[in-house]
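Here is the structure we will look at.
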Amino acid sequence: MLAQVNPFLAPSPLPYEFPDFDAIREEHYLPAFTDGMAQQRAEVDAITADPSEPTFENTIVALERSGAVLRRVASVFFTLVSATSTPGIREIEAEVAPQLAAHADAIALDAALFARIEAVVAAAPDLDPESQRLLERYHRDAVRAGARLGPAEQARLRELNSELSALTTDFGAKLLAGANAAAVLVDDPAQLDGLSADAVSAAARAAQSRGLDGHLLTLVLPTGQPALADLSDRALRERLHTASVTRGLAGEHDTRDLVLRLATLRAERARLLGHPHHASWVVEVGTAGTVEAIDAMLGAMAPIAAANARAEADELSADAGYPIEAWDRAFHAEQVRRKRFDLDAAALRPYFELERVLHDGVFHAAGLLYGLRFAERHDLPVYHPDVRVFDVADDDGPLGLFVADFYARDSKRGGAWMNSFVEQSRLLGTKPVVLNTLNIAKPADGEPTLLTVDNVRTMFHEFGHALHGLFSDVRYPMFSGTSVPRDFVEYPSQVNEMWLDTPEILTHYARHHVTGEPLPVELVERLAASRAFGEGFATTEYLAATLLDQAWHRLGPDETPDDVERFEADELAAAGVDVPIAPPRYRSTYFNHIFGGGYSAGYYSYIWSEVLDADTVEWFTENGGLSRKNGETFRRGLLSRGGAVDPMEAYRAFRGRDPETAPLLARRGLTAPPTS
């Protein structure tokens with residue numbers, strides 16, 4: 002009876018176990034979480050009560066099979082927390098987050114279960130490589146979770162994990178509400194001079210949707226707001242920039258106390274687990290291995306990037322005729338770009354229409370590389386009218402489902418990401434159902450969705466994550482798809498970006514949405530020539546955020562500062578990246594990756610992965626570029642393996658050597674400026 006009432010209590014009857022959103026209601030989540038936790042707890046109790054000798058099958062595999070209800074409800078619920086949050090969903094999240102943390106601790110710190118895991122390890126069973134890796138992973142994760150701590154330490158650890166879970170939930174909720182509240186209302190349409198017609202239309206609809214008169218410039222998650230590149234009104238640019246960088250600094254949406262508390266508790270937990278700080282605990286299981294390795298990379302790049310950013314600021318100020326500020330940089334960079342490369346970013350947008358980019362760009366590249374075929378289907382219920390679903394198949398048959406949620410809305414957090422509704426596992430007999438979520442401004446009905454180059458890059462990037470999930474070919478759900486070290490997870494997505502400006506792909510999708518004419522060859526060439534323009538700024542803003550992340554998470558529990566803004570300023574100055582026109586890509590008060598998401602002490606992952614990415618792009622070039630042979634080599638050697646193999650061992654087997662940094666430095670144009 003319960004399974005009939007609550008759709009999470011049994012597998013979805015829909016193809017690929019796609020969530021039955023027609024049946025799912027908000028009132029189903031809490032009971033499903035409660036039942037799911039109780040069911041998994043009972044499954045674990047059955048494992049520990051088993052009188053037979055602990056074996057890989059009756060302990061480790063049994064653990065992998067446990068928690069089916071919890072997996073189903075969590076995959077849907079936490080996708081909706083980010084993609085279409087409501088007051089009810091936020092209330093449920095606040096209630097259930099500490100419960101889930103306590104549930105995870107109850108399993109991780111179960112002494113009888115850990116004894117069985119250690120007994121299996123001691124027995125040294127003869128296992129295949131993936132099974133051996135699974136056994137090692139369960140043992141490692143239990144130790145890292147505190148299984149060897151004494152009762153008093155474990156009790157404190159449970160308290161820490163519960164509070165940390167509640168605080169990260171609170172941070173995300175305040176950030177979403179604060180970003181919505183900080184949107185800039187423009188009363189005089191003349192102030193919008195420079196914005197494209199569709200951007201002005203989107204701003205009008207944003208205001209109308211909130212019952213406001215005028216035009217509303219909503220905020221994206223990073224510091225830099227897209228409209229700053231186009232707005233000619235300097236005062237409005239300053240208003241928009243100020244709204245962005247002051248998020249979380251005042252009023253009911255102030256996140257500073259959360260930032261300080263999160264940093265303190267993470268530091269205490271790390272020390273309890275035998276580490277000097279949170280960053281040490283995080284990097285222990287990454288491919289970087291040590292904080293010293295991270296420091297070596299960041300330390301080598303930061304001074305070069307900052308010097309280039311300062312040189313770019315001088316050049317832009319000279320062109321502007323006045324010392325530019327942070328809110329001027331994007332606008333004047335666009336002016337210089339137009340002069341130097343005869344390239345107008347706004348003039349490119351008519352050639353990047355969403356449907357064409359998706360089908361003739363993203364999907365087309367995947368077809369040429371991997372033999373994938375996509376067919377949109379309209380028979381599956383979705384959680385929002387904007388969501389679309391595609392069947393994905395290759396020469397061997399059906400592969401899974403790709404779900405796309407492209408448009409921005411007030412209930413969706415900023416940025417872009419990939420989720421899985423269902424993860425591939427041969428043990429569970431499941432095929433992947435993966436989701437890409439973006440935040441593209443939605444045009445009026447009947448108008449085309451015209452993208453910026455950054456939008457196009459984001460589509461290719463996120464689809465690289467989707468491919469990682471779709472190509473997964475592992476036995477155990479622990480290793481499925483993107484379940485790899487945090488500093489490796491961005492690698493496949495960044496590699497997929499290479500195809501957006503590969504001539505064979507670019508000429509296929511970059512066509513004028515009215516005339517169908519291809520992007521002129523001279524524009525293609527100028528676009529390629531301009532790619533490294535502004536990389537000093539782009540790299541500096543990224544490194545500034547990365548260094549802030551590391552600074553917050555290198556603190557001991559007794560070293561937390563009392564002033565978030567002062568701490569930021571001091572750390573940026575100490576690292577040499579306090580460049581006024583290049584503020585951090587995220588300031589601490591709206592740094593959702595590290596205070597509301599899963600990248601704490603791990604934001605370095607993007608550039609760490611980009612070293613592998615740039616080296617891999619070089620491999621494709623050396624081996625003939627876009628071909629099925631190269632695609633299959635990359636797919637079979639890396640994308641399909643998930644976490645079932647050591648990622649760096651897989652990379653070395655694929656590349657034939659360790660990665661080299663020279664291709665990345667060349668790509669970003671990061672050469673030391675000449676000395677005076």
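So the sequence shown is numbered by the working numbering: it starts at 2 and just counts up by one. We put the CB at the ideal spot given by N, CA and C, even for glycine.
- Between the alpha carbons of Ala-602 and Trp-282 lies a distance of about 9 Å.
- The alpha carbon of Leu-501 has as its nearest neighbour, out of Leu-31, Gly-37, Arg-357, the alpha carbon of Arg-357.
- Straight across, the Cα-Cα distance linking Pro-648 with Ala-174 is about 34 Å.
- With contacts defined as CB atoms closer than 8 Å, Lys-413 and Ala-84 qualify as a contacting pair.
- Segment contact: the stretch 475 to 486 against the stretch 421 to 436, three or more CB-CB distances shorter than 8 Å; contact assigned.
- Between Leu-627 and Glu-518, the CB-CB gap reaches or exceeds 8 Å.
- The Cβ atoms of Glu-313 and Gly-577 do not sit closer than 8 Å to each other.
- When C-beta atoms of the stretch 291 to 305 are compared with those of the stretch 198 to 208, fewer than three pairs fall below 8 Å, so the two segments do not count as touching.
- Secondary structure at Glu-354: strand, using DSSP grouped into helix, strand and coil.
- Three or more beta-carbon pairs separated by less than 8 Å are not found between the stretch 153 to 166 and the stretch 186 to 199, which leaves the two stretches without contact.
- Taken through DSSP and simplified to helix, strand or coil, Val-580 comes out as coil.
- Comparing alpha-carbon positions, the option among Tyr-30, Leu-640, Ala-574 lying closest to Leu-71 turns out to be Tyr-30.
- Here the stretch 63 to 70 makes no contact with the stretch 18 to 29; the two share fewer than three CB pairs at distances below 8 Å.
- Within a 10 Å sphere around the beta-carbon of Ala-552 sit 16 or more other beta-carbons, which makes this residue buried.
- In the three-state reduction of the DSSP assignment, Asp-395 falls in the strand class, which pools E and B.
- Ala-651 sits close to Gly-638, with the two beta carbons spaced by under 8 Å.
- Non-local beta-carbon contacts of His-594 in its own chain, meaning distances under 6 Å to residues more than five positions away in sequence, involve Tyr-600, Tyr-604 in chain order.
- Each residue's CA atom was taken as its position, placing Gly-625 and Val-618 some 11 Å apart.
- Val-337 carries a helical assignment under DSSP once its states are collapsed to helix, strand and coil.
- Relative to the Cα of Leu-217, the nearest Cα in the group Ala-244, Arg-235, Gly-401 belongs to Ala-244.
- For Ile-441, the enclosing beta strand (DSSP E) begins and ends at 434 to 441.
- Cβ atoms of Pro-558 and Arg-272 come within 8 Å of each other, at about 6 Å.
- Taking 8 Å as the upper bound for CB-CB distance, Leu-136 and Phe-57 are in contact here, some 6 Å apart.
- In the DSSP assignment, Leu-186 falls within the beta strand (DSSP E) that extends over 185 to 187.
- The Cβ neighbour count for Tyr-352, taken over all protein chains shown within 10 Å, is at least 16; the residue is labelled buried.
- Scanning the stretch 139 to 214 for uninterrupted beta strand (DSSP E) segments of 3 residues or longer gives 185 to 187, listed from N- to C-terminal end.
- About 7 Å separates the CB atoms of Ile-582 and Glu-326; that is less than 8 Å, so the two are in contact.
- In terms of Cβ geometry, Val-435 and Gly-401 form a close pair [threshold 8 Å].
- Taken through DSSP and simplified to helix, strand or coil, Pro-14 comes out as coil.
- Scanning its chain for C-beta atoms nearer than 6 Å, with the 5 sequence neighbours on each side dropped, one finds around Leu-222 the residues Gly-415, Gly-416, in chain order.
- A distance below 8 Å separates the beta carbons of Gly-535 and Ala-334.
- Residue range 536 to 553 is occupied by the alpha helix (DSSP H) that includes Phe-538.
- Between Ile-108 and Ala-230, the alpha-carbon positions lie close to 51 Å from each other.
- A Cβ-Cβ contact shorter than 8 Å links Thr-265 with Thr-561.
- DSSP places Gly-401 within a strand segment (E or B) once states are collapsed to three.
- Contact check for Asp-488 against Ser-318 fails: the beta carbons are separated by 8 Å or more.
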